[in-house]
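Undergrad:
Number of protein chains: 2
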Amino acid sequence: MTTPVDASVASGNTAEVPDETASAPAALTGQGVQSVDRALAILEVLARRGEAGVTEIAAELDVHKSTAFRLMVTLEAHRLVEQTVERGRYRLGVGILRLAGATTARLDVVQEARPIGRQLAEATGETVNLAVLSERSALYLDQIAGSSALQPHNWVGQHIPLHATSNGKVLLAGLSDTALEEFLDSLTTYTPHTITERSALRAEVAQVREQGYALAIDELEIGLTAIAAPIRNTQGDVVASISVSGPSFRLTAARVEEAIRLVRDAAMEASHRLGWGHR
Amino acid sequence: MTTPVDASVASGNTAEVPDETASAPAALTGQGVQSVDRALAILEVLARRGEAGVTEIAAELDVHKSTAFRLMVTLEAHRLVEQTVERGRYRLGVGILRLAGATTARLDVVQEARPIGRQLAEATGETVNLAVLSERSALYLDQIAGSSALQPHNWVGQHIPLHATSNGKVLLAGLSDTALEEFLDSLTTYTPHTITERSALRAEVAQVREQGYALAIDELEIGLTAIAAPIRNTQGDVVASISVSGPSFRLTAARVEEAIRLVRDAAMEASHRLGWGHR
DNA sequence: AACTTGATTGCGCGATACGCAACAACGCTC
DNA sequence: GAGCGTTGTTGCGTATCGCGCAATCAAGTT
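Printed below as a string of structure tokens:
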């Protein structure tokens, strides 16, 4: 009775989990090893509440106090939780941070973004690029060619002006206002559509922040259209930008609309893999 | 190459912290709920190795493959681990990062210091770190990347030696003399500039107390310069240390002078927000 | 001091997690 | 390509181990 168990254990599909935990009352997965599942649920409860007592947690997980307590002791032995005072409430401990250090050590924007970029390239049929801010321009780190025969030239390793590309505008939008000002010098004109007025660029950046993506049509090169969205790290900082680009004649208004959705989803997914997305 | 950061600290934290789990075959605590204890041991193994297979882990914990596997499945359901490919090896997952975010969120030091750190990073253009004393080393809680492009090595969650870093020396300076003595063991040499003599370190700590900031040039890593200052709470205790660090070639004598002023101001501001200095 | 709330701890039962062994995908070598 | 070794994955039966119960201790609160 205490356990709404299921005999079927461990089906290999981690496919779903649409909104994960959400604000649902219990955080139990009900999958795998029961006690471990409960222990991990405790961590999630603590993450949500910040601090909680044994009784409180027992109620949330719908288990007996003593059960919750023993799980707590085990978690505490590994320093994943700690109690505020002897015989007091519990909260997350420094052990978590140690684990997190090991996790971030392997987190690399390129590594995480590549498979996502591949899917994006497949879905749109256009070329996907990944860029970061470097010095005073956009540095292209990776590129996945689209399916079309018309191959773009390889931007990887190139420094590209920030004000004339979708990626650049996304990266600018991730800066603070004061930092942004430093980048508003020397707005070179590339085409008649290039944004060269500082005030116009400020407005454009504001709009990018607002809508969460950037568009660049014929701004760097006539006939080149690009859509970009920001990739964020744990702290919410914009660490990179991912874009879809192709010839303007192929990227019609309707296809651009679709691309916007796909690019934003891809960027969101990449951000999640880098740990972004608590609330 | 923005940060000629070191790899030795990144990979192996077995440098010091002699006891605790040690290099013993098993990382098991042997306390509390068995299955949970084992599951958490798995996390620690993964943190140490970065990546491991089921069989490998089973051997390390001295349990059967199937046992290890089921624990894995449970951990995976909570996104604390993930596998590289379908039917592949395992590594730590993003769930850890989410928990870590919640861990630091409850520490008001981080809450108060982050906006200040952000300004500091902007003013200096270098990377800002926030550290506290944990165990017998400096635990890095937060990091704000400088304006230079590539994200420097992420120290968050890492334990860093106290005697070879500016943050560490600030934290040591915050200890009482008696408490300080306990930390003067095993002064590992990292570079020719590392302070390894106990008497020299005592003198250095005294100087840090005197001048209210610490400097570390090439002491942990050749080419790495850092400046740190103490953050105090209401009672005047040193609760954390905030630092600016960057490549030595960029941090010239003049810029270090300026950084010292900025770091001290930032630390002072953070201290005030934590209630220090209310007469 | 009685009362309330909440963290800890023996105890005994039975659900549950474990080890075993077989299975299924690989990646080798020959 | 067949054979073989390795490694992740899954049914099954049993004994272990975790759980719920209830008692106990330690603080506040009235």
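First to last, the sequence lines map onto chains A and B. Counted the way this note's numbering counts, the first sequence spans residues 1232 to 1510. Counted the way this note's numbering counts, the second sequence spans residues 1232 to 1510. Idealized CB from N, CA, C, for every residue including glycine.
(1) Could you confirm whether any beta carbon from chain B is found closer than 8 Å to the beta carbon of T1234 (chain A)?
(2) Using only the alpha-carbon positions, how far apart do A1289 (chain B) and K1296 (chain B) sit?
(3) Could you tell me which of B:Y1421, B:D1373, B:V1439 and B:I1375 sits nearest to A1402 (chain B), measuring between CA atoms?
(4) When you compare the CB of H1424 (chain B) with every CB in chain A, is at least one pair closer than 8 Å?
(5) What is the rounded straight-line gap between the Cα of A1255 (chain A) and the Cα of L1323 (chain B)?
(6) Pop quiz: A1447 (chain A) and A1457 (chain A) are said to be a contact at Cβ under 8 Å. What is the actual Cβ separation, rounded to whole angstroms?
(7) So, does the CB of L1482 (chain B) fall closer than 8 Å to a CB anywhere in chain A?
(8) List, in order along the chain, the chain B residues whose C-beta lies closer than 9 Å to that of E1435 (chain A)?
(9) Looking at the strands, I want to know which residues DSSP matches up with H1514 (chain B).
(10) Run the CB neighbour count on I1453 (chain A), radius 10 Å, all protein chains shown included, and call it buried at 16 or more, exposed below.
(11) Anything in chain B within Cβ reach of T1334 (chain A), meaning under 7 Å, just list it in chain order.
(12) Is E1441 (chain B) buried or exposed, if buried means 16 or more other CB atoms sit within 10 Å of its CB?
(13) For Q1185 (chain B), which residues in the same chain have their Cβ closer than 8 Å to its Cβ, ignoring the five residues on either side in sequence?
(14) Using a Cβ-Cβ cutoff of 7 Å, what residues of the stretch 1278–1296 of chain B are near chain A? List them in chain order.
(15) Counting only the same chain and skipping the five closest in sequence on each side, list residues whose C-beta sits under 8 Å from that of V1436 (chain A).
(16) Would you give the residue range spanned by the beta strand (DSSP E) that G1477 (chain B) belongs to?
(17) Would you call the CB atoms of I1327 (chain B) and T1334 (chain A) closer than 8 Å?
(18) Hey, out of B:D1449, B:G1319, B:E1413 and B:T1409, whose CA is closest to I1426 (chain B)'s CA?
(19) For the stretch 1443–1461 of chain B, list every residue whose C-beta sits within 7 Å of some C-beta in chain A, in sequence order.
(20) Helix, strand or coil: how does DSSP classify V1267 (chain B) here?
(21) Name the chain B residues that come within less than 8 Å of S1407 (chain A), Cβ to Cβ?
(22) How many whole angstroms separate the CB atoms of A1459 (chain B) and V1494 (chain B), which I take to be in contact at a CB cut-off of 8 Å?
(23) Please compile the residues from chain B whose C-beta is within a distance smaller than 7 Å of the C-beta of T1465 (chain A).
(24) Going by other Cβ atoms of all chains shown within 10 Å of its Cβ, with 16 needed for buried, is S1430 (chain A) buried or exposed?
(25) Measure the Cβ-Cβ separation of G1348 (chain B) and I1473 (chain B) and say whether it is below 8 Å.
(26) Taking Cβ-Cβ distances shorter than 7 Å, what residues in chain A pair up with L1370 (chain B)?
(27) Just by C-beta distance, which residues in the stretch 1477–1504 of chain A are closer than 8 Å to chain B?
(28) Kindly indicate which three-state DSSP category S1254 (chain B) falls into: helix, strand or coil?
(29) Does the stretch 1303–1319 of chain A come close enough to the stretch 1259–1279 of chain B that 3 or more CB-CB pairs lie under 8 Å?
(30) Measure from the alpha carbon of A1395 (chain A) to the alpha carbon of each residue in A:F1300, A:A1445 and A:L1311, then state which is nearest.
(31) How about Y1421 (chain B) and I1391 (chain B): do their beta carbons lie closer than 8 Å?
(32) What three-state label does DSSP hand N1464 (chain B) in the structure shown?
(33) Taking the C-alpha atoms as reference points, what is the distance between V1312 (chain B) and R1279 (chain B)?
(34) Measure from the alpha carbon of P1346 (chain A) to the alpha carbon of each residue in B:T1315, B:L1330, B:S1365 and B:A1362, then state which is nearest.
(35) Just the chain B side, please: which residues come within less than 9 Å of L1311 (chain A) by C-beta, in chain order?
TA: On the basis of the data shown:
(1) Residue numbering aside, residue 1234 (chain A) sits at position 3 when the first sequence is read from its first letter. Because the pLDDT at T1234 (chain A) is just 34, under 50, the model does not fix this residue reliably, and the value given afterwards should be weighed accordingly. Cβ-Cβ to chain B under 8 Å: no for T1234 (chain A).
(2) In the second sequence, the residue the question calls residue 1289 (chain B) occupies position 58. In the second sequence, the residue the question calls residue 1296 (chain B) occupies position 65. A1289 (chain B) and K1296 (chain B): Cα-Cα distance of roughly 5 Å.
(3) By one-based count along the second sequence, residue 1402 (chain B) stands at place 171. Note that residue 1402 (chain B) corresponds to Leu in the displayed sequence, not to Ala. That would be B:V1439, whose Cα lies nearest to the Cα of L1402 (chain B).
(4) Reading the second sequence from its first residue, position 193 is the one you call residue 1424 (chain B). No, its Cβ sits nowhere closer than 8 Å to a Cβ of chain A.
(5) Translated into the one-based positions of the first sequence, residue 1255 (chain A) becomes position 24. Translated into the one-based positions of the second sequence, residue 1323 (chain B) becomes position 92. Confidence at A1255 (chain A) is low in this model, with a pLDDT of 38, below 50, so its placement is unreliable and the value that follows should be read with caution. Those two C-alpha atoms are separated by around 25 Å.
(6) Here residue 1447 (chain A) refers to the residue found at position 216 of the first sequence. Here residue 1457 (chain A) refers to the residue found at position 226 of the first sequence. Confirmed, Cβ separation roughly 5 Å.
(7) For the purposes of this step, residue 1482 (chain B) is taken as the residue at position 251 of the second sequence. False, the Cβ-Cβ gap to chain A never drops below 8 Å.
(8) Working through the first sequence from its first residue, we reach residue 1435 (chain A) at position 204. Correct list: empty, because the minimum Cβ distance to chain B is about 21 Å.
(9) The requested residue 1514 (chain B) does not occur in the structure, where chain B is confined to residues 1232 to 1510.
(10) Residue mapping note: residue 1453 (chain A) aligns to position 222 of the first sequence, counting from 1. It counts as exposed.
(11) Numbered from its first residue, the first sequence carries residue 1334 (chain A) at position 103. In chain order: L1323, I1327 and L1328.
(12) One-based indexing of the second sequence puts residue 1441 (chain B) at position 210. Answer is exposed; the Cβ neighbour count stays below 16.
(13) Residue numbering for chain B in the displayed model covers 1232 to 1510; residue 1185 (chain B) lies beyond these limits and cannot be assessed.
(14) A1278 and G1281
(15) Along the first sequence, read from residue 1 onward, the residue named residue 1436 (chain A) stands at position 205. Cβ within range, chain order: K1400, L1403, A1404 and L1411.
(16) Numbered from its first residue, the second sequence carries residue 1477 (chain B) at position 246. It spans V1469 to P1478 - the beta strand (DSSP E) in which G1477 (chain B) sits, taken as one unbroken run.
(17) The residue given as residue 1327 (chain B) occupies position 96 in the second sequence. The residue given as residue 1334 (chain A) occupies position 103 in the first sequence. A contact, by the Cβ cut-off of 8 Å.
(18) What you label residue 1426 (chain B) is simply residue 195 of the second sequence in a count that begins at 1. It is B:D1449 whose Cα lies nearest to the Cα of I1426 (chain B).
(19) none
(20) Along the second sequence, one-based indexing puts residue 1267 (chain B) at 36. V1267 (chain B): helix per DSSP, three-state reduction.
(21) On the first sequence, position 176 is the one that residue 1407 (chain A) refers to. Near S1407 (chain A) (Cβ distances below 8 Å), the residues of chain B are R1349 and E1353.
(22) By one-based count along the second sequence, residue 1459 (chain B) stands at place 228. By one-based count along the second sequence, residue 1494 (chain B) stands at place 263. About 7 Å separates the two Cβ atoms, so the contact holds.
(23) Along the first sequence, read from residue 1 onward, the residue named residue 1465 (chain A) stands at position 234. By Cβ distance, chain B contributes L1328 and G1332.
(24) On the first sequence, residue 1430 (chain A) is found 199 positions in, with the first residue counted as 1. Exposed.
(25) On the second sequence, position 117 is the one that residue 1348 (chain B) refers to. On the second sequence, position 242 is the one that residue 1473 (chain B) refers to. In this structure, I1473 (chain B) lies closer than 8 Å to G1348 (chain B) by Cβ.
(26) One-based indexing of the second sequence puts residue 1370 (chain B) at position 139. Per Cβ cutoff of 7 Å: V1325 and L1328.
(27) H1503 and R1504
(28) Here residue 1254 (chain B) refers to the residue found at position 23 of the second sequence. Bear in mind that a pLDDT of 35 at S1254 (chain B), under 50, signals an unreliable position, so the number given afterwards is only what the model happens to contain. It is coil, neither helix nor strand.
(29) yes
(30) Residue mapping note: residue 1395 (chain A) aligns to position 164 of the first sequence, counting from 1. Considering only alpha carbons, the answer is A:A1445.
(31) For the purposes of this step, residue 1421 (chain B) is taken as residue 190 along the second sequence, with counting starting at 1. For the purposes of this step, residue 1391 (chain B) is taken as residue 160 along the second sequence, with counting starting at 1. Result no, Cβ atoms of Y1421 (chain B) and I1391 (chain B) do not sit closer than 8 Å.
(32) Here the question's residue 1464 (chain B) lines up with position 233 in the second sequence. Three-state result, N1464 (chain B): coil.
(33) Residue mapping note: residue 1312 (chain B) aligns to position 81 of the second sequence, counting from 1. Residue mapping note: residue 1279 (chain B) aligns to position 48 of the second sequence, counting from 1. Answer to the nearest angstrom: the Cα atoms are 14 Å apart.
(34) Position 115 of the first sequence, counting from 1, holds the residue named residue 1346 (chain A). Nearest C-alpha to P1346 (chain A): B:T1315.
(35) Here residue 1311 (chain A) refers to the residue found at position 80 when the first sequence is read from its first residue. Neighbours of L1311 (chain A) on chain B, chain order: L1271, L1274 and L1330.
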